[in-house]
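S.K.: Letter by letter, the sequence shown follows residues 1 to 462 in the UniProt record's numbering.
In this text, a Cβ means the ideal position worked out from N, Cα and C, and glycines have one as well.
Please find one structure pasted underneath; my questions will follow.
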Amino acid sequence: MYPVDVVYTKAPEADYLDAAIVTVLQIHITQPLGDILVFFTGQEEIEAAEEILLQRTRGLGTRIRELLIRPIYATLPSERQAQVFEPTPENARKVVLSTNIAETSLTIAGICYVIDTGFCKQTNYNAQTGMESLLVAPVSQAMANQRAGRAGRTAPGKCFRLYTAWSYKNELDENTVPEIQRTNLASVVLLMKSLGINDLLHFDFMDPPPEKALIRSLEQLYALGALNGLGELTKLGRRMAEFPLDPMMSKALLASEKFGCVEEVMTVCAMLSVNNSIFYRPKDKAVHADNARRGGGGDHITLMNVYNQWVETNYSTQWTYENFVIMRSLKTARDVREQLEGLCDRVEMERTSNRSDHEPIRKAICAGYFYNTAKLDSCGHYKTVKKAQSVHIHPSSCLIKLEEVPRWVVYHELAFTTKEYMRNVVPIKSEWLVELAPHYYKTKEVEDARTKKMPKAVGRAG
């Protein structure tokens, strides 16, 4: 490691995006050669910064050296990510616009200047609502130091922090909140139970999670049938623990055997494991990208169809380009699927298949995700069945532009960004809930007022 000179702003910045762009241009015009790394919070900010930088450098024309703008974020296609690592031509400078992926996950040679905007996106889980929120939050001192260190990998460097020294010392937390204290713990609890650790509330965790989150996870596993009334692992729970999946997903996969669609649900599970990074949505072709994944069967069915079509085209790269699908994500899903095949054999599941009928697939998903059910009310808004919490279909869903939205849905997860959104949504029939989870739903809760005419094109997000 080489020494890094840290520079702070004299006063707080009102707009860190604009401040970052101004700082990039100042470095480019006044500082010796060396590449720049800028930390932003996500894809939208990076795309906006790229556009503004292109405009401003064009305006300066030949008065300045060439500035190569290279974005990097998780859903960017591999060939564009690879440009970040290409050597910078002589007498030019490269600026890398990155999320915190470049903090620890990768090292880019030639970086001499780091611009730290002071913010990142962080996942937080609310045990009371069962909702994950991905919100912009200030970095911790530890993260800020990690970012600064990126400037001193190959030579002495400079880090420009777009916040004051006082703010660093007094406003930033020393360390980031440990992940175990801000995520859903159902998988952790199931794993610990399968290892014979029963008294979780008094277990000596290195970073103790909130008691509320532990209790909610125990309740959820009990509802899924993985734990009995004494909090002990059931036979079903033991089988669920064999899969490196979220417990709800494990339950759906095990239920698929009964409905004769193991192969299809295995594909859905593999695609969901890639964490919402299947589709690439370039700003200039957003409408085409959205149209490529429209359909009424539900998001889980769309994911399954995408994977099956990729397999049918013999894993074609061209097909992924044409359909705005990230090849890297599909390869990961293929690896996960192969692993799941082996685990299904291990728990002696018969690998049944039913491609022509989607109803058994939706039923198997409902068997695992009945905990996550929402219903359209008479005003045309979705509310969760148990807590009557207002929720919306995510704008990326294939159900969003349907003429008539489904009355009953189950969702993969709730996420708060600008609203409470349901991600990965599939239509279900209300009677399935009583059939698949009679201990959790009573007939009265799921009775449909079928005589009421539902409004059209409502319940959509936005």
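1. DSSP beta-bridge partners for S390?
2. In angstroms with no decimal places, state the Cα-to-Cα distance between G342 and R351.
3. Going by DSSP, name the residue or residues bridged to Q146.
4. What residue range is occupied by the uninterrupted alpha helix (DSSP H) comprising I197?
5. Helix or strand or just coil, what does DSSP make of I180?
6. Which stretch, first to last residue, makes up the alpha helix (DSSP H) that contains T154?
7. Could you give the distance in angstroms between the alpha-carbon of N175 and the alpha-carbon of G260?
8. In this structure, how does DSSP classify I29 when only helix, strand and coil are distinguished?
9. Are L272 and A367 close, meaning C-beta to C-beta below 8 Å?
10. So for residue 471, helix, strand or coil by DSSP?
11. With distances taken Cα to Cα, identify the nearest neighbour of T154 among A74, I36, D173 and P209.
12. By Cβ distance below 6 Å, which residues in the same chain neighbour A213 in space, the five residues on each side in sequence not counted?
13. Does DSSP classify S250 as helix, strand or coil?
14. Are the CB atoms of S397 and D246 nearer to each other than 8 Å?
15. In three-state terms, what does DSSP make of V22?
16. Among residues of its own chain, excluding the 5 on either side of A151, which ones have a beta-carbon nearer than 8 Å to its beta-carbon?
17. Alpha carbons only, please: which of S356, V96, D116 and N100 is nearest the one belonging to I108?
18. In the stretch 95 to 135, which residue ranges form an unbroken beta strand (DSSP E) of at least 3 residues, counting only runs that do not cross its ends?
19. Contact defined as beta carbons within less than 8 Å: I believe A48 pairs with L68. What is the distance between those atoms, to the nearest angstrom?
20. Nearest-angstrom Cα distance between Q181 and P208?
21. Suppose the cutoff is 6 Å on Cβ atoms and the five residues either side in sequence are ignored; what does the same chain contact list for Y441 look like?
22. Tell me whether the beta-carbon of G297 lies closer than 8 Å to the beta-carbon of H392.
23. Quick test of your reading: L134 and T117, contact by CB under 8 Å. State the CB separation rounded to the nearest angstrom.
24. Using only the alpha-carbon positions, how far apart do M327 and T267 sit?
25. Along the chain, where does the beta strand (DSSP E) that runs through E66 open and close?
26. Does the beta carbon of E50 come closer than 8 Å to any beta carbon on chain B?
27. Tell whether a beta-carbon distance below 8 Å holds between R161 and V6.
M.R.: If we stick to the structure as given:
1. Position 390 of the sequence shown, counting from 1, holds the residue named residue 390. Beta-bridge pairing by DSSP links S390 to K383.
2. The residue labelled residue 342 in the question sits at position 342 within the sequence shown. The residue labelled residue 351 in the question sits at position 351 within the sequence shown. Looking at the two C-alpha atoms, the distance is approximately 11 Å.
3. Counting from 1 along the sequence shown, the entry for residue 146 is found at position 146. Note: Q146 sits in no beta bridge, so no partner.
4. Position 197 of the sequence shown, counted from the start, is the residue given in the question as residue 197. Where I197 is concerned, there is no enclosing alpha helix (DSSP H), given that its DSSP letter is neither H nor E.
5. The sequence position of residue 180 within the sequence shown is 180, counting from 1. In the three-state DSSP reduction, I180 falls in the helix class (H, G or I).
6. The sequence position of residue 154 within the sequence shown is 154, counting from 1. Counted as a single uninterrupted DSSP element, the stretch harbouring T154 is not any alpha helix (DSSP H), since DSSP gives it neither H nor E.
7. Position 175 of the sequence shown, counted from the first residue, corresponds to residue 175. Position 260 of the sequence shown, counted from the first residue, corresponds to residue 260. Those two C-alpha atoms are separated by around 49 Å.
8. Indexing the sequence shown from 1 puts residue 29 at position 29. Looking at I29 - three-state DSSP - the assignment turns out to be helix.
9. Within the sequence shown, residue 272 is the residue found at index 272, counting from 1. Within the sequence shown, residue 367 is the residue found at index 367, counting from 1. The Cβ-Cβ distance between L272 and A367 does not fall below 8 Å.
10. Outside the displayed range of the chain (1 to 462) lies residue 471, so it cannot be described from this structure.
11. To locate residue 154, count along the sequence shown from 1; it is residue 154. When each option's Cα is compared against that of T154, the closest is I36.
12. Taking the sequence shown and counting its residues from 1, the one referred to as residue 213 is at position 213. Here the set comprises A127 and L185.
13. Looking up residue 250 in the sequence shown gives position 250. Judged by DSSP in its simplified three-state form, S250 adopts helix.
14. As a first step, residue 397 must be located in the sequence shown, where it is residue number 397. As a first step, residue 246 must be located in the sequence shown, where it is residue number 246. The answer is no: Cβ separation not under 8 Å.
15. Looking up residue 22 in the sequence shown gives position 22. Of the three classes helix, strand and coil, the one that applies to V22 here is helix, per DSSP.
16. Your numbering for residue 151 matches position 151 in the sequence shown. V4, L37, I111, C112, Y113, V114, G157, K158 and C159.
17. What you label residue 108 is simply residue 108 of the sequence shown in a count that begins at 1. It is V96 whose Cα lies nearest to the Cα of I108.
18. With a minimum length of 3 residues, the continuous beta strand (DSSP E) runs that stay inside the stretch 95 to 135 are 111 to 116 and 119 to 126.
19. Residue mapping note: residue 48 aligns to position 48 of the sequence shown, counting from 1. Residue mapping note: residue 68 aligns to position 68 of the sequence shown, counting from 1. The beta carbons of A48 and L68 sit about 18 Å from each other, so the pair does not count as a contact at 8 Å.
20. Translated into positions along the sequence shown, residue 181 becomes position 181. Translated into positions along the sequence shown, residue 208 becomes position 208. Cα to Cα, the separation comes out at about 7 Å.
21. Position 441 of the sequence shown, counted from the start, is the residue given in the question as residue 441. So the list reads L433 and V434, once near-sequence residues are dropped.
22. Taking the first residue of the sequence shown as position 1, residue 297 is located at position 297. Taking the first residue of the sequence shown as position 1, residue 392 is located at position 392. No, Cβ-Cβ distance for G297 and H392 is not below 8 Å.
23. As a first step, residue 134 is located in the sequence shown; it is residue number 134 there, counting from the start. As a first step, residue 117 is located in the sequence shown; it is residue number 117 there, counting from the start. Contact between L134 and T117 is ruled out by a C-beta separation of about 17 Å, above the 8 Å threshold.
24. Position 327 of the sequence shown, counted from the start, is the residue given in the question as residue 327. Position 267 of the sequence shown, counted from the start, is the residue given in the question as residue 267. Cα atoms of M327 and T267: separation of roughly 16 Å, rounded to the nearest angstrom.
25. Taking the first residue of the sequence shown as position 1, residue 66 is located at position 66. Here the beta strand (DSSP E) through E66 covers E66 to I72.
26. In the structure shown, chain B does not exist; there is a single protein chain.
27. Locating residue 161 in the sequence shown gives position 161, where the first residue counts as 1. Locating residue 6 in the sequence shown gives position 6, where the first residue counts as 1. Yes, they are a contact pair.
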